[in-house]
Amino acid sequence: VQLQASGGGLVQPGGSLRLSCAASGIAFSICDMAWYRQGPGKQRELVAGITSGKSTNYVDSVKGRFTISRDNAKNTVYLQMNSLKPEDTAVYYCHSKLPQVSWGNGLWGQGTLVTVSS
2 VQLQASGGGL VQPGGSLRLS CAASGIAFSI CDMAWYRQGP GKQRELVAGI TSGKSTNYVD
62 SVKGRFTISR DNAKNTVYLQ MNSLKPEDTA VYYCHSKLPQ VSWGNGLWGQ GTLVTVSS
């Protein structure tokens with residue numbers, strides 16, 4: 002049972018990255034999925050979530066710039082990040098949960114570092 006995140010890296014302000022999270026050992030299609038992040042000196046926050054029914058939610062600071070999506074055939078969730086800003090620098094974590102529990106209570110991936118800097 003694991004969530005394997007990838008796609009992080011160094012990008013200039015205004016650039017784009019796409020994060021991927023491949024799930025194994027879980028009933029992916031019935032799980033709600035999310036991306037969290039934890040920046041330097043900050044608490045972990047929910048960036049974007051997508052339910053099993055593909056409803057989405059975003060933290061205000063990324064609305065209009067980030068898009069979360071899922072491919073149930075590939076057991077993978079994505080986070081497309083555009084117009085990146087230095088304040089988006091963080092370790093990004095993939096998270097899965099069952100629909101009947103609250104966000105933060107479930108499985109976590111290992112994290113992938115995103116650095117936005119010129």
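Just so it is clear: in the sequence shown, position 90 is 91 by my numbering, and no numbers are missing.
Don't be surprised by glycine CBs; every beta carbon is placed ideally from N, CA and C.
Practice task
Could you spell out the range, first to last residue, of the beta strand (DSSP E) harbouring ASN58?
Solution key: 57-59
Practice task
Excluding the 5 residues preceding and the 5 following GLY26 in the sequence, name in chain order all residues of the same chain whose CB lies nearer than 6 angstroms to its CB.
Solution key: VAL2
Problem - Cα-Cα separation between ASN58 and ALA49, rounded to whole angstroms - result: 6 angstroms
Practice task
Just mark SER1 as buried or exposed, buried being the case when its beta carbon has 16 or more other beta carbons within 10 Å.
Solution key: This structure cannot speak to residue 1, because the chain is shown only from 2 to 119.
Practice task
Answer yes or no: do CYS22 and GLN5 have a C-beta to C-beta separation smaller than 8 angstroms?
Solution key: yes
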